[in-house]
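Heads up: the protein sequence lines correspond to chains A and B, in order.
If you read the first sequence in the working numbering, its first letter stands for residue 1, the second for the next number, and so on.
If you read the second sequence in the working numbering, its first letter stands for residue 1, the second for the next number, and so on.
First the structure, in the form of structure tokens, and then the observations on it.
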Amino acid sequence: MLLIRCPYCEEERPELEFRHAGEAHLVRPGNIAEMSDEDFEGFFFIRQNPKGLVYERWRHVHGCARFFNAVRDTVSDKFVTTYKAGEKKPVIKGAAE
Amino acid sequence: MARSNEALRRPALEGRAASHAWVSVTPAAPASRLSLRTPADSVGAVSKALGFALPQKPKTSAQKNGRAALWLGPDEWLVIDESGSEISPALGKVKAFHSAVDVSHRNVGIVVSGPGAEATIAAGCPQDILLATFPVGACSRTVLGKIEIVLWRTGDTTFRVECWRSFSDYAFTFLSEAARDAAV
Numbered sequence: 001m002l003l004i005r006c007p008y009c010e011e012e013r014p015e016l017e018f019r020h021a022g023e024a025h026l027v028r029p030g031n032i033a034e035m036s037d038e039d040f041e042g043f044f045f046i047r048q049n050p051k052g053l054v055y056e057r058w059r060h061v062h063g064c065a066r067f068f069n070a071v072r073d074t075v076s077d078k079f080v081t082t083y084k085a086g087e088k089k090p091v092i093k094g095a096a097e
Numbered sequence: 001m002a003r004s005n006e007a008l009r010r011p012a013l014e015g016r017a018a019s020h021a022w023v024s025v026t027p028a029a030p031a032s033r034l035s036l037r038t039p040a041d042s043v044g045a046v047s048k049a050l051g052f053a054l055p056q057k058p059k060t061s062a063q064k065n066g067r068a069a070l071w072l073g074p075d076e077w078l079v080i081d082e083s084g085s086e087i088s089p090a091l092g093k094v095k096a097f098h099s100a101v102d103v104s105h106r107n108v109g110i111v112v113s114g115p116g117a118e119a120t121i122a123a124g125c126p127q128d129i130l131l132a133t134f135p136v137g138a139c140s141r142t143v144l145g146k147i148e149i150v151l152w153r154t155g156d157t158t159f160r161v162e163c164w165r166s167f168s169d170y171a172f173t174f175l176s177e178a179a180r181d182a183a184v
């Protein structure tokens, strides 16, 4: 079982307590009503899904119930780091921008 | 047929108990409970009304006079009062912004006690609950088998499991089965 560090519980917890919540650092546009369909599709549906290091949102749903962000390697499933929601995106060598 | 005008209330786990050589599993006494959400700047006022300071560190609890507050999240606590007094009236007077929902009948408590208590809980809980990492007073929302529980260590060999009422049959049966296999 994977151990994932929750930045709010300040501890590594078993993966059964967590739920994946999609790509992190997506910015919701302020002018959704005026956007073209193509631009909206890009924001709403299109994700990077790179191989390797990815920035993701996770939720400690069966613990403190908070959302946080994580950097995970999709090849090895290793968590490089986790950090609180709203914190700056950390620069990780080898991660897709 | 005789009819009664009084509603008959039966606790969800009435009359159930499992006792083995190393561990016993019993329903906890009825208690009044509160789901408490409080932003950081209201913690002082709410603590004062409760009668003791809300714990601020993850996985910790605080208690006084039969009333306990369990840290569940950065702004979330489960308050359990076993002294028989209601908690809500005291908080009703607090002006500071907070949310307190009475969940006394939403939860059911189960007490797992004995030298095999750790092994019994560990049968379904993936967290590290050894005394060194989960000391007396530690508490956490976590998983037991297929359900979510709040686990609270009340003594060296005693745990309290809080689950939602509709899951209590599953939780109790799970713990009873696990207790059968628990050895030290």
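Quick reminder that beta carbons are idealized off the backbone N, C-alpha and C, glycines included.
Quick check on this structure: which residue in the options has the alpha carbon closest to the alpha carbon of residue i?
i        : options                                : result
Gly137/B : Glu148/B, Thr154/B, Val143/B, Ala122/B : Thr154/B
Gly15/B  : Ile110/B, Ala40/B, Ser99/B             : Ile110/B
Gly43/B  : Val101/B, Ala122/B, Lys95/B, Leu130/B  : Gly is not the amino acid found at residue 43/B; the sequence shown has Val there. Comparing Cα-Cα distances from Val43/B to each of Val101/B, Ala122/B, Lys95/B, Leu130/B, the minimum goes to Lys95/B.
Val103/B : Thr120/B, Asp81/B, Ala123/B            : Asp81/B
Gly52/A  : Gly94/A, His62/A, Leu2/A, Cys6/A       : Gly94/A
Glu12/A  : Met35/A, Gly63/A, Asp73/A              : Gly63/A
Ile87/B  : Ala182/B, Gly73/B, Lys48/B             : Lys48/B
Thr74/A  : Ala96/A, His25/A, Lys88/A              : Ala96/A
Can you tell me the Cβ-Cβ gap for residue i and residue j, rounded? I've got them flagged as a contact below 8 angstroms.
i        : j        : result
Glu56/A  : Ala65/A  : With a Cβ gap of about 17 angstroms, Glu56/A and Ala65/A do not count as contacting.
Trp22/B  : Pro89/B  : With 8 angstroms as the limit, Trp22/B and Pro89/B do not qualify as a contact, their Cβ atoms being about 42 angstroms apart.
Ile4/A   : Phe67/A  : In fact, because the Cβ distance is near 13 angstroms, the residues do not count as touching under 8 angstroms.
Ala58/B  : Cys9/A   : First, the residue type needs correcting, since residue 58/B is Pro and not Ala in the sequence shown. With a Cβ gap of about 5 angstroms, Pro58/B and Cys9/A count as contacting.
Leu50/B  : Ala69/B  : 7 angstroms
Val112/B : Phe159/B : 5 angstroms
Leu144/B : Ala171/B : 6 angstroms
Hey, how far is the Cα of residue i from the Cα of residue j?
i        : j        : result
Glu26/B  : His60/A  : Note that residue 26/B is Thr in the sequence shown, not Glu. Going from the Cα of Thr26/B to the Cα of His60/A covers about 29 angstroms.
Ala62/B  : Trp71/B  : 9 angstroms
Pro55/B  : Glu76/B  : 10 angstroms
Lys64/B  : Phe52/B  : 7 angstroms
Ile121/B : Thr60/B  : 19 angstroms
Ile251/B : Glu38/A  : Since the displayed chain B opens at 1 and closes at 184, residue 251/B lies outside it and no answer follows.
Glu23/A  : Arg10/B  : 47 angstroms
Lys84/A  : Asp128/B : 23 angstroms
Glu17/A  : Phe174/B : 19 angstroms
Gly15/A  : Cys6/A   : Rather than Gly, the amino acid found at residue 15/A in this sequence is Glu. One C-alpha to the other measures close to 10 angstroms.
Ile92/A  : Asn49/A  : 17 angstroms
### Message
Can you confirm whether the region 30 to 50 of chain A touches the region 24 to 39 of chain B when touching is taken to mean that 3 or more C-beta pairs between the two stretches lie within less than 8 angstroms?
### Response
Fewer than three pairs of CB atoms, one per stretch, sit closer than 8 angstroms, so the region 24 to 39 of chain B makes no contact with the region 30 to 50 of chain A.
### beta strand (DSSP E) runs contained entirely in the region 47 to 94 of chain A, provided each spans 3 or more residues
Within the region 47 to 94 of chain A, the runs of beta strand (DSSP E) at least 3 residues long that lie entirely inside it are, in chain order, 53 to 59, 67 to 73, 79 to 84.
### Query
Which residue spans inside the region 22 to 47 of chain A form an unbroken alpha helix (DSSP H) run of at least 4?
Taking only runs of at least 4 residues, the alpha helix (DSSP H) segments lying wholly in the region 22 to 47 of chain A are 37 to 44.
### Query
What residue ranges within the region 101 to 133 of chain B form continuous alpha helix (DSSP H) runs of no fewer than 4 residues, ordered along the chain?
For the region 101 to 133 of chain B, whole alpha helix (DSSP H) runs of length 4 or above, ordered along the chain, are 117 to 122.
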